[in-house]
Amino acid sequence: MKYDYQISSHSKKRYLKRVYIVLSIVIVVALAVAAFIKIDSYLQKSQNTPNNTTTEKSTAYFAPATKIFRTQYFQFQSDDSWVEMPAESNLSTYVYRSFRNNLIEQELIIYVGDIPANLNATRVLPVSIKQDRQLSINQVSEHCNKAVGGPVIGQAQVSFEQVTMACDVDGTQYQVLVGLIGGTTNLTLSRPDGSNEVYAIYYKNVKASPDSVQFSQIVSSFQTR
Numbered sequence: 027m028k029y030d031y032q033i034s035s036h037s038k039k040r041y042l043k044r045v046y047i048v049l050s051i052v053i054v055v056a057l058a059v060a061a062f063i064k065i066d067s068y069l070q071k072s073q074n075t076p077n078n079t080t081t082e083k084s085t086a087y088f089a090p091a092t093k094i095f096r097t098q099y100f101q102f103q104s105d106d107s108w109v110e111m112p113a114e115s116n117l118s119t120y121v122y123r124s125f126r127n128n129l130i131e132q133e134l135i136i137y138v139g140d141i142p143a144n145l146n147a148t149r150v151l152p153v154s155i156k157q158d159r160q161l162s163i164n165q166v167s168e169h170c171n172k173a174v175g176g177p178v179i180g181q182a183q184v185s186f187e188q189v190t191m192a193c194d195v196d197g198t199q200y201q202v203l204v205g206l207i208g209g210t211t212n213l214t215l216s217r218p219d220g221s222n223e224v225y226a227i228y229y230k231n232v233k234a235s236p237d238s239v240q241f242s243q244i245v246s247s248f249q250t251r
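Start counting the sequence shown at 27; every next residue gets the next number (our numbering).
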């Protein structure tokens, strides 16, 4: 009986060892399969397949920093490229410029009360006046010399885009004046205290391919104070 018991005990140990090995193999295989499935699922989600693609092209957009310029007569918003030029400004003339790599690209001059008699431009931005002392804009016009009949040199008073303006007929620069529809480029606007003031808004763009995008945004945000 003692021999049978020893044989039986040894067999049990071998059996348990085999079971342990088999279970270990099963667990390892199961873990490997689970890891493979997880990795494959991740790769499938990462693929830019037609079924997974929502747009053909994704473009990141970063809004530029916004500045708010304020004086006792008005305020407006612009992007971060604009700066005020205090040395060239006074109580009736406010000068602002936009720079890129220290080069001037745009200039904005706002006149209050004392409007230069010879103020002229090559284009006009027609506007109407909102009740909240802001301006509702249209589009910047083409060159105002289209309103001149026949050859003219220098400045001419014209009616263009429903605005009476001083047109620099033979001018080649991109210069814009804001003009009131049915009126002139001298804008009589009300202030919060109930008084009226006359404003003129002049813009110049000296880029190789000038446009009026920023100017239109500035005028849209313009408000009397």
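Here a beta-carbon is modelled for each residue, glycine too, at the ideal position from N, C-alpha and C.
>> My output table needs one value for S115: the three-state DSSP class, helix, strand or coil.
In response: coil
> Taking the continuous alpha helix (DSSP H) assigned at I136, which residues delimit it?
Replying inline: Unbroken run through I136 is the beta strand (DSSP E), 129–138; no alpha helix (DSSP H).
>> Judging by CA-CA distance, which residue of S246, V202, F241, N231 is the nearest neighbour of L129?
In response: N231
> Going by C-alpha distance, which of R126, I155, S104, Y122 is nearest G209?
Replying inline: I155
>> I'd like to know whether the C-beta atoms of T153 and V245 end up nearer to each other than 8 angstroms.
In response: Before going on, a small fix: residue 153 reads as Val here, not Thr. It is a contact, given that the beta carbons lie within the stated cut-off.
> Helix, strand or coil for F125 per DSSP?
Replying inline: strand
>> Considering only their Cβ atoms, is the gap separating Q181 from N146 smaller than 8 angstroms?
In response: yes
> Any contact of the segment 215–235 with the segment 121–137, i.e. 3+ C-beta pairs under 8 angstroms?
Replying inline: yes
> How many whole angstroms separate the CB atoms of T250 and Y99, which I take to be in contact at a CB cut-off of 8 angstroms?
Replying inline: 7 angstroms
> CB D194 to CB Q183, shorter than 8 angstroms?
Replying inline: no
> Do three or more CB pairs link the segment 106–122 to the segment 154–169 at distances below 8 angstroms?
Replying inline: no
> Taking C-alpha atoms, which residue in E131, S50, I51, S124 lies nearest to A234?
Replying inline: E131
>> On the DSSP letters alone, give me the boundaries of the alpha helix (DSSP H) that I227 sits inside.
In response: That residue, I227, is in no alpha helix (DSSP H); its beta strand (DSSP E) goes 222–231.
>> Let me check one thing: in DSSP terms, what residues is D106 bridge-paired to?
In response: None; D106 has no bridge partner.
> What does a CB cutoff of less than 7 angstroms around E110 pick up in its chain, not counting 5 residues either side in sequence?
Replying inline: F95, Y122
> With 16 as the cutoff for other CB atoms within 10 Å, does R149 come out buried or exposed?
Replying inline: buried
> Considering only C-alpha positions, which residue in the set S216, S50, A192 is nearest to P142?
Replying inline: A192
> Any idea which residues DSSP pairs F95 with across the strands?
Replying inline: F102
>> Tell me the rounded alpha-carbon separation between E187 and I207.
In response: 8 angstroms
>> Just list the residues that DSSP pairs C170 with in beta bridges.
In response: Partner(s): none; C170 has no beta bridge.
> V55 to R44, Cα distance in whole Å?
Replying inline: 16 angstroms
>> Going by DSSP, what residue range makes up the beta strand (DSSP E) through N184?
In response: The question names Asn, but residue 184 in the sequence shown is Val. Per DSSP, V184 belongs to the beta strand (DSSP E) from 181–186.
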